[in-house]
Each structure stands twice: as structure tokens, then as C-alpha cells.
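For reference, the structure is listed below as C-alpha cells.
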Amino acid sequence: PHPSTGGGGIAPLTEQEEEEQPLQAVLVADSFNRRFFPISKDQPRALLPLGNVAMIDYTLEFLTSTGVQETFVFCCWMSNKIKDHLLKSKWCRPTSPNVVHIITSDLYRSLGDVLRDVDAKNLVRNDFILVYGDVVSNIDVSQALQEHRHRRKVDKNISVMTMVFKESSPGHKSRCEEDDVIVAMDSKSKRVLHYQKTQGLKKLQFPMNIFQHGSDEFEIRHDLLDCHISICSPQVAELFTDNFDYQTRNDFVRGILVNEEILGNQIHLYVTQDGYGARVSNLQMYDSVSSDMVRRWVYPLTPEANFTDQQGQGCTHSRHNVYRGAEVSLGHGSQMEENVLIGRDTSIGANCHISNSVIGNNCTIGDNVVLDRAHMWNNVHISSNVEIHQSVVCDGAVVKEAVHLNKQCVLAYNVVIGPNLSLPDGTVVSMHHPEEEEEDDDDEFLSDDQEVGHSKDKTRQKAFNPAEVGPEGKGYIWKASMNDTEDEELAQCLWGLVLNPDPESDSESEASEESQDRSRSVSPEIDDVNAFQLEVLGTLQRGLEENIVCDNLVLEINSLKYAYNITLKEVMQILTRVVLEYPFQQQGTQLTTLQYTGSLLPLLKTWSPVFKNYIKRAQDHLDCLSAVEELFLEQDTHQTAMVKVLMKMYQLEILEEEAILKWFSTGATNDKSRQLRKNQGKQRMSLQRKESEEDESSEEGE
Amino acid sequence: MELQAVLMAAGGGSRMMDLTYNTPKPLLPVGNKPLIWYPLNLLERVGFEEVIVITTKEVQKMISTDPKVKLDVKMKLDLVCIQEDADMGTADALRHIQQKVKTDVLVVSCDLITDAALHEVVDLFRAHNATLSMLMSKAHEFTETVPGQKGKKKTGEQRDFVGVDDTGKRLLFMANEADLDEGVVIRKSIMRKHPRMHIKTGLVDAHLYCLKKSVVDFLADNKSISSIRGELVPYLVRKQFSKSTNSPKVIDETHQNLKKNDSNVNLEIQISSRDEELLHLTQERSCWNDHRGDMSDAYHGGRLRCYVHIMDEGICYRVNTLAAYIEANRLAPKLFDEPAVHPSAVVSERCLIGADSIIGASCQISDKTSIKRSTIGVSTTVREKVKVTNSIIMHGVTIEEGCNIQGSVICSNAVIGRGADIKYCLVGSAQRIEPDGEHTTASPHLAITHSPTPLYSN
Chain A
490 PHPSTGGGGI APLTEQEEEE QPLQAVLVAD SFNRRFFPIS KDQPRALLPL
540 GNVAMIDYTL EFLTSTGVQE TFVFCCWMSN KIKDHLLKSK WCRPTSPNVV
590 HIITSDLYRS LGDVLRDVDA KNLVRNDFIL VYGDVVSNID VSQALQEHRH
640 RRKVDKNISV MTMVFKESSP GHKSRCEEDD VIVAMDSKSK RVLHYQKTQG
690 LKKLQFPMNI FQHGSDEFEI RHDLLDCHIS ICSPQVAELF TDNFDYQTRN
740 DFVRGILVNE EILGNQIHLY VTQDGYGARV SNLQMYDSVS SDMVRRWVYP
790 LTPEANFTDQ QGQGCTHSRH NVYRGAEVSL GHGSQMEENV LIGRDTSIGA
840 NCHISNSVIG NNCTIGDNVV LDRAHMWNNV HISSNVEIHQ SVVCDGAVVK
890 EAVHLNKQCV LAYNVVIGPN LSLPDGTVVS MHHPEEEEED DDDEFLSDDQ
940 EVGHSKDKTR QKAFNPAEVG PEGKGYIWKA SMNDTEDEEL AQCLWGLVLN
990 PDPESDSESE ASEESQDRSR SVSPEIDDVN AFQLEVLGTL QRGLEENIVC
1040 DNLVLEINSL KYAYNITLKE VMQILTRVVL EYPFQQQGTQ LTTLQYTGSL
1090 LPLLKTWSPV FKNYIKRAQD HLDCLSAVEE LFLEQDTHQT AMVKVLMKMY
1140 QLEILEEEAI LKWFSTGATN DKSRQLRKNQ GKQRMSLQRK ESEEDESSEE
1190 GE
Chain B
70 MELQAVLMAA GGGSRMMDLT YNTPKPLLPV GNKPLIWYPL NLLERVGFEE
120 VIVITTKEVQ KMISTDPKVK LDVKMKLDLV CIQEDADMGT ADALRHIQQK
170 VKTDVLVVSC DLITDAALHE VVDLFRAHNA TLSMLMSKAH EFTETVPGQK
220 GKKKTGEQRD FVGVDDTGKR LLFMANEADL DEGVVIRKSI MRKHPRMHIK
270 TGLVDAHLYC LKKSVVDFLA DNKSISSIRG ELVPYLVRKQ FSKSTNSPKV
320 IDETHQNLKK NDSNVNLEIQ ISSRDEELLH LTQERSCWND HRGDMSDAYH
370 GGRLRCYVHI MDEGICYRVN TLAAYIEANR LAPKLFDEPA VHPSAVVSER
420 CLIGADSIIG ASCQISDKTS IKRSTIGVST TVREKVKVTN SIIMHGVTIE
470 EGCNIQGSVI CSNAVIGRGA DIKYCLVGSA QRIEPDGEHT TASPHLAITH
520 SPTPLYSN
């Protein structure tokens, strides 16, 4: 164990020393999430093959080619497998220009833990490169490194991190939707001023203080692909130690930007235009990175380059990006159309049609098989008449006769499927039972650190469902929506998000803005009413959140009334409207009537004193009722809720019975409202009869 | 005729009241020419033959009678007067002349002094069939000391936030700092279309706009918009990305609605010209696109487009403050090729006049006088042994013997008594400065002294 624990143990280096120091890198060979479950139950993510080469080898090759001389590989989940892999690889040969140290611990739960350990062990003495074990890249970081060092030299240690981004426009297929970021930066200094994930946002907000740094040119960039490569100063590790709540790089970046004024640390940006860099963070990304690889975007890291220098890994490259390993046999009439990589000793039957696919070593493929965007790993057995589209088939899986895999299926290790079966889109089959995970899940760690073995006996007992995996099938279906516990994980299914943005929601927000625009420009009078309405909404919202007494709410609304010069009648109408629209406001307009009433009725109860304060005279009652009517005329899908609302208001003694009846009997102003009253009439009467004793014969007239 | 020029010359110059107290802003002398001459000259240089000048009665009268403000332009000036006290904004003024507007318009402010290549702005307007194209420039630091102003710079000025796309031409965002309480808010859909937005805060708006005729018609229907810069331009910029203006279907609908209900205020800009269909067809057939990175149509199907030309170098001043006025006077000689000393001026041979000074017509400059970096107006008399440095002397001023004037502005018809020592002062119109010694007196509300050493010594 090391004596130095906290930060500050690093002696400052002179300039010369700094240049002589070997470039170091920290490679985190764990994702600290379960995105690749159930695949990563058997193999850590870093070892999953991409183009028949383990992903960590790409990362190490990238680091080595960019000039890294010393790499610390941190493993946690299945660390032994990673260690074995590395020890056998070229990285641990004595001739390797990049010395790889493997550091394993079962205690790492996040990137933060790893970096805290880096600090505790005092591993880095200079700027280092931080990457994950699933980053595929050919970016030459040396220029970014130079810029980083220059910045550090100019302003003493202010810049702590330089993030490497690749320029690519929104919607590019190797852009991970979940990593979609928006960055505000200073054009001249390339300093990051604001960094935000945009997923699910419609409006992007940039606080004013970021524009007050003396510069007069800023850039807001949405055309950046996060390569998950960062150049860090040694302070980064110290900062993680100082801030034990930093778990991810995101936490760190956010923390640095927020506390910039206090700590004085800055983060910069390096944007490369050529070069390739992407992190395989879900299967969607796996699919795109793999096809980019086969299409030679990551040159010089190409399949035929055999950069891992392993015997028998070599393959030939021919037209249309068709790669063939050694001893590949291809049956009569089989076609390898384009972008196909086939590993060694694989045999393919007759009349097969293969395009945009990667096939591993030692696979056998029957006759009349159609493969498109299929990713098959090693020792896979595919029988005849099988069709596979955009799916992943892991090691040792067997696909029997006439099986059809639709898009985004996953067959995990050693699964058997078929025969004569069609798997619907997004089916995930694994030999591990889905519940097995939950049983293990007691300690709620996000890391893939569970020992799988001990629960195997239990799962064996559960029988396979032939309807799901076919008569001879072996494996359990995994449901797509596994994790709904944490909101952050909501979108984290295996394949990640669909790339298509939702254009409709977009237009909706525009439309709403439109109407705001309109009202803004029409007349200032409406403005006041609108503003008042918003204020009332805000007041009520705060009232709910902070549990403010209704008397105080009334006080506040009264003062608003004077501020915006609103009449008492309008106050009531607006108040009614705001309250009735509150559920839509909070939960969106797609609520069903049942949900709507469910959330509205308790609100009415909470705010009934507020109503009572404003509804006193007979006329007030009628005004309130007409406001209710108006709202339900607009929300015509929820008209059935109106009777419940009126009932509740009656029960809460907000509205008097006579008033309701009077409103009911007075002439409707137009056809629509007449219709509404008619619809409501019958139900309302019966309900009122049932629930209130004093209901009298006055209704008989209707 | 492709463009009609409209010159806005009715502004009161509220930010430099000291100067405009007696002379209306369009007629303030800059380099011995009335301020309005500069935009007129700009228009004339690029070949305009006619210009609509919106101004006040007062200015009109002075232009036609006062020989000192003779406008040296060959263009036909169509003077339109508006009432001074009507408090009309620029958009109001444009609405006022709607009947005269037959084509797209080029709107220029009378306080613009620039050597910008005007075609840059117009080319953007043409090339992109834009709704609006405008001119901006990097803001200049005013280096001269300004009379009556303490400290070098006024702080707390509200910056304008201007967002342009990667080409630096398309205007995507515009707001004033004062309106950005909640920070800069940008819709994600805009960022998707224009993923790289440059936000610039150090720009000055030249108040020069090319506007489609339909915008003028739109103004006529929307009485609530009163200022071009303050309301119309931000509105147009915002409108670029709203659905209703982009999908033709919606426009049709609103059109129908309008027909149905004539009293309804037309809130949509009908961007259609008679060539619209042809243009649409060419766009469809062409493989040209204004952006790259996605497969959507040129301009993402948007029909309303705003562009801006940002000058990197060159002169671009809006003479709307005292500081800008002084700076403009210093730079004005560079803008035209005329002899620095007017032929009709009588200049003694035994005086020193710097090359960077201008002497107006019928001036009298006596012996042993030195004039450096200064402008001397028409019919001004400068007597012996006077030193004038870094100053602006307007028309008809008399400077008696032995005066020393430095860094000051002397308005028309003032008389500076003998031996007065004036530093960093503004002397109002027709004021008399008492003779004698060192003291610098001036009418208290029109002249302000600003000097490191106290000069008041009564």
C-alpha cells in the first residue's frame, strides 16, 4: 500500500522533466453499468469482439499509436478474464512500446473510484489520457496534448482537462443519442463554458454568467461526437479524491464548470475534423462502429491489418470491403455482397446471401442463409434457411433450421434457438434467467461485479419455454425494459435509443411558442392576463412543493392581482383554469380522463380554501362555473371528467348547489356548450342523487 | 428597379442632446458635411438614383434654405415629413410610406458612416432570397477623450447577443442582454438544423436593412410593431424557425382564415412573390444546398430567412453618441477625396495646419495659428496665435486671439473670447466664452468641463 493518500503529494516537475516523462494513460476496462447485460454476464464488455478483435485491443492500439508509453488498465468486473487476455496479447510482450500495468479490484464502482485509486497510489505524475476500454479511435491526440500542455504552461495549472470531440452533424449514425451533448465554448480559448446532455430537452438554456468572461465570441455546438477520450492533468485524480461524490466524468465536468469561480479550474475542448473516435456504449453503437470498421473509417485499424499480431488472425481484403480469414470455405452460389468480414475456419453453405455482416472464427453456416447487418461471434452454428437482420449472435450460439431473427435481436452465449421460429424485433435470449440477476441485485451495485456461478443451480431448474425459443431451444427471453428503478437508466436498454427524433413534439413546442408570440404581439392587455396566469400557476406550484398554507397563497394571488391589474372576476376565471389545467401542465396533455381526475381531485381538496376565498357571491359561482365549462369545451376529450369535478367542488363546498343548478338551467351560449350540458346532465343528476341527500326535486324540470 | 432606398432621418439624437440642442441630428456637421450626406453618398456611390428620406419639417426647411447644409448629391430626394412630436419609431415610419413602397427596400439610418461594400449585404439578400439582410460591424473602441465624460468608458452597456451559423451569414439568434434574464434559451430544433452557432457580443448594428416588400406590407397590418431594430428584426429572426411560416399548407390555411375574417389581424408574413413557384422549382431541381451534414432540403424547407453581413474591417460608425461623433469627425477626412482646406478659405501662410485637419469654406485663419487633428467649420474665423488640437469647431464660430482649444467641441456660432483656454469642453451653440486668461467658462448646461486640473478660477 502506498503511504500517500490525499492529493497534493505530487512534487512539481520542471519543464524539462515534464517532457522527458513518458506519456501515461488510464484505461478503465469496465463500464460500471449493465447496458450489455446479458451478454456481459459471460464476458466483460472490453473483451467483446468487434470485427473479430476484442475492443480493449483497439483502445490499447489507439493509445500506443498516439505515443502512450505507460498504460494502467483498471479492471473490476471479470478482471481475471481481462488479465488473461492482456497477458497473452502483444501488449505484455517485452518488446511492447507501451508498458501495460493491470490493476484489479472488486471495489471499483465507478470511474470516480478508479481515479481516486490513481490518486491514492500516486500513479500519474504528469498529464495523462483517460479512456474507457470500449473506445475505438484513430485520432492523433498529440496535437490536443500539445495544446493542453501549452495552456497549462501559460496559466499555471488552470486547465485540468481537455476533452476530445469529433465533429459530426446531428443524426450521424455513429453519434450516440444518449451522449448527445451541447457545448458552449469560448471561440478563442476553446474553453468549455457549458456542457449539457440534450436528451429529452426541447429548449437549451445557457445561464448568463457563462457569457461574462470578457470574451465577445462564443460558440454553441451541437455537432460534436463525444469520443470519451480526455487528456487530464494530474489534478484530476486529486479533484476526484477531494470530491468523493464525483462518480462519472459527467459529474466531474459539471462540478468543474459550476465551481469554476471558486476553484478556478477550467476545461477545454479539442475538436478533430478527421479521425475517428467513438465509444461502444450500447448495441446501436456497436453496430455502427463495427460497420464503420469494416468500411475502413478507422484506418489504419482495419480488419486485415491484424494489428493485434496474433497468429491466424490475418485476412485478405478484396473489393466491396469483403474480408476473408484463412481456411474460409464458401458454398456454391453464395454471395458476399459488400462489407463482409469472415473469420478463419468458417464454412458457409450454398446459396447464402451475406451483406454488411461480421462473422467470427470457426462458424458454420448452412445453405440458403440470409445475413444482413448480422454480428456473429466465434463458434456460432447456423443451420439452413435462416434469416438474420441487424442482430448479435454471441459465441457458441446455435440457430436451428428456418429461424428468422428480426431486427435488434440478441442471442447471448450458448443459446440455442429453433427450429422454425421467428423472433420478433428486439428479442434478447440468454442462458441466464432474467430473475437471476434480480436475486443477485441485493446490494444494488451498478457494476457488473456479480458472481454468476452460484445461482446457476437455481436457474437450471427453470425450464425453457419452447414457445419462446423453439422446440429444441435453450435460453430465456429477457424483457427489454429491465431497469426502471433509476430515472437515469430509463432509456438504457441494450440497443440504446432510436435515432429518429420525434418531429411532432418539436412542432408542438414551436406551436406553443407561436401562440406566445402571437399573444405577445397582439396587445399588451392579454399579456398581463397571461403573465398573471403564469404567476398564479407558479404560486400554486410553489405552494404544493413547499407546502405553503392556503392563506398565504391567497395573499400572494391578491398581490399579483394588483400588480397585473386584474379584476376579481378574471382572478377567479384564471384560478379555475390554472387549477383544472394543472394535471396537464404537470404530466402532459396525453392524460387519460381517469388519470386526469385522479390527479385533479386531490388538488381541488388542497386548494379549496383558496377557491372559497374568491367564490362568495352568487355571481362568483356562476363565473367559476362558466370558467369550468370553458375549459372542458376546449378539452373535449375529457368532458366526462367534468361531472366529477363539479361533484367534488360541490362536496368541498366551493360551489353551491343552487348555483350549479342555475348554471345548468340557464341557456347555453352556443351549440357546443349545450351539447356538453346535455351529455353531463344525466350523469350528473344521478350521481348527485346518489351521493347527496339534500338533492331536491328542482332538477326534475330537465 | 430592384430596391428602393429609404433613409431614416427623423431621429432626435436623444443620446447626444448636447449637440442636437440646436442642430437636428441629420444636419450635424461631420468633416464639414452634414451627417445625412454620408448615407446619401453611400447610396449614390452604389448607383441609387432616388431615395425616400423620412425626416422632420425642421430638417426639410434647413436643407432647402441653409446654404451651410447644402447636400451635395445628384440623387432625387423624395422628402417625406413626419411630425416630430408623434413619437414614431422606425417601423412606424416605414409603415407611413407603405404606399410609396413598390419593391423590396433598403433602409438606412441617417447616422451611419461607413465604407462598407454595400453589395455584400444586397448580395446576401439576393442569393438567398432572404426576407431580411443587414449589416453589422465589429464594435470600435473609442479612443478619444470625450468632453464631459468621466472615466474612459461607460460600463454597464447592454450587449447584443447575435447568433450566426457556421458560415457567419445566417442570422439565427438575436437578443439584448437586458431581455435575457433566464439566460440564452435556444430551441434544440434550431441547433439540429444549425449545429454550430457562433454567438457574438461585440458587434454594432449599422441599422442598414434590406427588407422584402412583404415585410413592409406586414408592418402595415401590424400596428403594434414600432421599431425595426427593437421589434421587427428580432421577430423575423424568431419567425425563421416557426412551423407556420415554413409549411406552405399552414400559410394557405391562414390565408383562407383571413379571407373569411377580414377584421382579423394578419400576423403571418406572406412570403410569396410572383416568382415563388419558379424559385421553388429551381430549388427542387437543383442539387445545391445551403448546409451539409443531413439530407434535408436547402434551408430545411424554411421560407423566411435572415442574413447578416459582418464587417471585419473598415469604417462603420453610428453617430449617435458624443464619443461616436468625435470619432467620426476624426475619421471623416479619410472617406472622401477633397482638399483638406477649402479653396474659398482664407488661410494665412504663416500658420500651421496639420494634414489631418479640415478647413471649411470661407474660413479665415490668421497668422501664427496652429491647427492639428481638428475640423474647422464653414465661415469660422480664427484669429492670431490660436492653438486648436483634437477639436471640432462647427460653423460660424469666432475664436479670438491667443486661445488654446484642446479636445473640445465648439458648436455653431459660438464666440470664444480672447485668450481663453478650453480643454475637453463642449461649448454650446451661440455661446460666448468670456475673454481673458485661463478660464474656461461656458453656459453651465451646455458645456461641461472635464480636465485633470481644475480650470474654474473665477
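Line by line, the protein sequences are chains A and B. Residue numbers for the first sequence follow this note's numbering, so the first one is 490 and each next one is one higher. Residue numbers for the second sequence follow this note's numbering, so the first one is 70 and each next one is one higher. For each residue, glycine too, the CB sits at the ideal point set by N, CA and C.
C-beta neighbour in chain B for residue i, strict 9 Å
i: A:Lys686; result: no
i: A:His661; result: yes
i: A:His757; result: no
i: A:Ser658; result: yes
i: A:Ile441; result: Lying outside 490 to 1191, the shown extent of chain A, residue 441 of chain A is not represented and no answer is given.
i: A:Ile720; result: no
Pair within 9 Å by beta-carbon distance, residue i and residue j
i: A:Met1136; j: A:Glu1118; result: no
i: A:Cys665; j: A:Ser770; result: yes
i: A:Glu1142; j: A:Lys1101; result: yes
i: B:Cys179; j: B:Gly80; result: yes
i: B:Val466; j: B:Tyr394; result: no
i: A:Leu1033; j: A:Leu1080; result: no
i: A:Leu536; j: A:Ile571; result: yes
i: B:Met364; j: B:Ala275; result: no
i: B:Ile259; j: A:Glu706; result: no
i: A:Gly964; j: A:Ala901; result: yes
i: B:Leu272; j: B:Ser206; result: yes
i: B:Thr450; j: B:Gln433; result: yes
Cut-off 6 Å between Cβ atoms - residues of its own chain near residue i, not counting five sequence neighbours on either side
i: B:Glu189; result: His378
i: A:Lys947; result: The predicted model places A:Lys947 with a pLDDT of 47, which falls under 50 and marks its position as unreliable, so this point remains unresolved.
i: A:Leu1090; result: Lys1137
i: A:Ser870; result: The sequence as given places His at residue 870 of chain A; Ser does not occur at that position. Closer than 6 Å at the Cβ level, and outside the excluded window around A:His870, lie Thr853 and Val887.
i: B:Lys145; result: Glu119
i: B:Pro11; result: Nothing about residue 11 of chain B can be reported from this structure: the residues present for chain B run from 70 to 527 only.
i: A:Ile877; result: Leu860, Ala863 and Leu894
i: B:Phe194; result: Ser202 and Cys279
9 Å Cβ cutoff, residue i in contact with chain A
i: B:His267; result: yes
i: B:Gly371; result: no
i: B:Val254; result: yes
i: B:Phe230; result: yes
i: B:Arg239; result: no
i: B:Met260; result: yes
Chain A contact residues for residue i, given Cβ-Cβ distances below 8 Å
i: B:Leu249; result: Met697
i: B:Val285; result: Chain A residues near B:Val285: none, gap ~17 Å exceeds 8 Å.
Chain B contact residues for residue i, given Cβ-Cβ distances below 7 Å
i: A:Leu690; result: Lys257
Cβ neighbours of residue i in the same chain (closer than 7 Å, five flanking residues each side left out)
i: A:Val670; result: Tyr684, Gln685, Lys686, Thr687, Leu713 and Asp715
i: A:His1110; result: Ile1104, Leu1144, Glu1145 and Ala1148
Contact set between residue i and chain B, taken where Cβ atoms lie within less than 8 Å
i: A:Phe707; result: His267, Ile268, Lys269 and Thr270
i: A:Ser676; result: His267
Contacts of residue i in chain A (Cβ-Cβ under 7 Å)
i: B:Ser363; result: What sits at residue 363 of chain B in the sequence shown is Asp, not Ser. The contacting residues are Ser658 and Gly660.
i: B:Pro264; result: Ser658, Pro659, Arg710, His711 and Asp712
Partners in chain B for residue i, counting only beta-carbon separations shorter than 9 Å
i: A:Gln694; result: Glu251, Gly252, Val253, Val254 and Ile255
i: A:Phe700; result: Arg228, Phe230, Glu246, Leu249, Gly252, Val253, Ile268 and Thr270
Spatial neighbours of residue i in its chain, beta-carbon cut-off 8 Å, leaving aside the 5 residues before and after
i: A:Leu1049; result: Phe1021, Glu1024, Val1025, Thr1028 and Ile1055
How do the stretch 727-741 of chain A and the stretch 596-614 of chain A stand: do at least 3 beta-carbon pairs fall below 8 Å, yes or no? yes
Whether or not the stretch 772-784 of chain A and the stretch 548-563 of chain A are in contact is what I'm after, with contact meaning three or more pairs of Cβ atoms, one per stretch, closer than 8 Å; do they touch? no
Is there contact here, the stretch 282-296 of chain B with the stretch 736-753 of chain A, by at least three beta-carbon pairs under 8 Å? no
Under 8 Å: do the stretch 228-242 of chain B and the stretch 401-412 of chain B share three or more Cβ pairs, one atom per stretch? no
Could you tell me whether the stretch 802-814 of chain A touches the stretch 822-831 of chain A, using the rule of 3 or more Cβ pairs below 8 Å? Short answer: they touch.
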